[in-house]
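Scroll down for the structure; my scribbles are underneath it.
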Amino acid sequence: MTMEQKLRERIVEVGQSLYQRGLSPGSSGNISARLEDGWLLTPTNSCLGELDPGSLSKLDWNGNLLEGSKPSKEYFLHLAMYQKRPASGAIVHLHSSFAAAVSCLDGLDPTSCIPPITPYFVMRVGKLPLIPYFRPGDKALAAEIAKYARTHAAVLLANHGPVVSGNDLDSAIYAMEELEETSKLVLLLHGQKIRTLNESQIKELCETFGAKWD
Ligand SMILES: [Zn+2]
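Numbers 0 to 213, taken from numbering that gives the first Met the number 0, label the letters of the sequence shown in order.
Written out as structure tokens, the structure reads:
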């Protein structure tokens, strides 16, 4: 099996897993992965629980379809992130409930919309900027994502949901799950006084585990 075939199979597996756990209801959410000669993306209006490895969309670096089904309308989110993050091998975008709920809270810090409440959030996700609201399909969103993508592995789209990159597909999924679980904690703790990790605790994580928080 070629690398590309393996990656196609893995996208189908993780899509099923996300769908079965209720993280990508209906036809929401999309998954992409970098190839040597382009990149793969889940097709438009596809349910992540019912993907077919052979009909995933394969695109070039200008967003043109090379083969497969018509790509997700949100392809440009992925493209904007890959273009600024040459080391990222995969990107996941979901409308998962808890992260989407946080994205609707008023008064979030746009430079860091989820506080550093656990070491795992700091290590796996990092500082999370909030991207302003754009209507679905508005390509101006790509320019906003591009502003942060070089320095941040993940962003939260206001009133929409998260976009998370990783070195490979599995690490992007783990980071997305960490973000979803941390969003749940943020909502459980909403309105309560939270003790976040302090500067020296965050510095220690950066030095020990290579976490990034700036
Ligand atoms: Zn979306």
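Heads up, the beta-carbon is just placed ideally off N, CA and C, and yes, glycines get one too.
This structure is a prediction, so every number in the text was calculated from the model and none was measured.
Measuring straight from C-alpha to C-alpha, what distance separates residue i and residue j?
i, j, result
"residue 82", "residue 90", "12 Å"
"residue 131", "residue 11", "31 Å"
"residue 2", "residue 33", "11 Å"
"residue 149", "residue 213", "12 Å"
"residue 5", "residue 96", "29 Å"
"residue 153", "residue 211", "12 Å"
"residue 166", "residue 41", "18 Å"
"residue 23", "residue 204", "31 Å"
"residue 53", "residue 66", "10 Å"
"residue 49", "residue 20", "14 Å"
"residue 98", "residue 104", "10 Å"
"residue 208", "residue 198", "15 Å"
"residue 7", "residue 176", "21 Å"
"residue 257", "residue 194", "Absent from the structure is residue 257, since the part of the chain shown begins at 0 and ends at 213."
"residue 18", "residue 26", "10 Å"
"residue 134", "residue 92", "16 Å"
"residue 101", "residue 36", "36 Å"
"residue 108", "residue 147", "15 Å"
For ligand 1, is there a heavy atom less than 8 Å away from the beta-carbon of residue i?
i, result
"residue 114", "no"
"residue 155", "no"
"residue 94", "yes"
"residue 28", "yes"
"residue 143", "no"
"residue 176", "no"
"residue 73", "yes"
"residue 160", "yes"
"residue 135", "yes"
With distances taken between CB atoms, is the gap from residue i to residue j smaller than 9 Å?
i, j, result
"residue 86", "residue 124", "no"
"residue 127", "residue 151", "yes"
"residue 129", "residue 112", "yes"
"residue 78", "residue 58", "yes"
"residue 172", "residue 13", "yes"
"residue 137", "residue 9", "no"
"residue 47", "residue 63", "no"
"residue 38", "residue 45", "no"
"residue 196", "residue 121", "yes"
"residue 145", "residue 80", "yes"
> Which full runs of the alpha helix (DSSP H) of 4+ residues lie inside the region 117-176, going along the chain?
Replying inline: 118-123 and 139-148
> Taking three-plus beta-carbon pairs below 8 Å as touching, is the region 174-185 in contact with the region 114-128?
Replying inline: yes
>> Tell me whether the region 151-160 and the region 61-74 touch, counting them as touching only if at least three CB pairs, one residue from each stretch, are closer than 8 Å.
In response: no
> Do the region 189-207 and the region 161-169 make contact, defined as three or more Cβ pairs closer than 8 Å?
Replying inline: no
> Could you give the uninterrupted runs of the beta strand (DSSP E) lying entirely in the region 62-92, keeping only those of 3 residues or more?
Replying inline: 64-66 and 89-92
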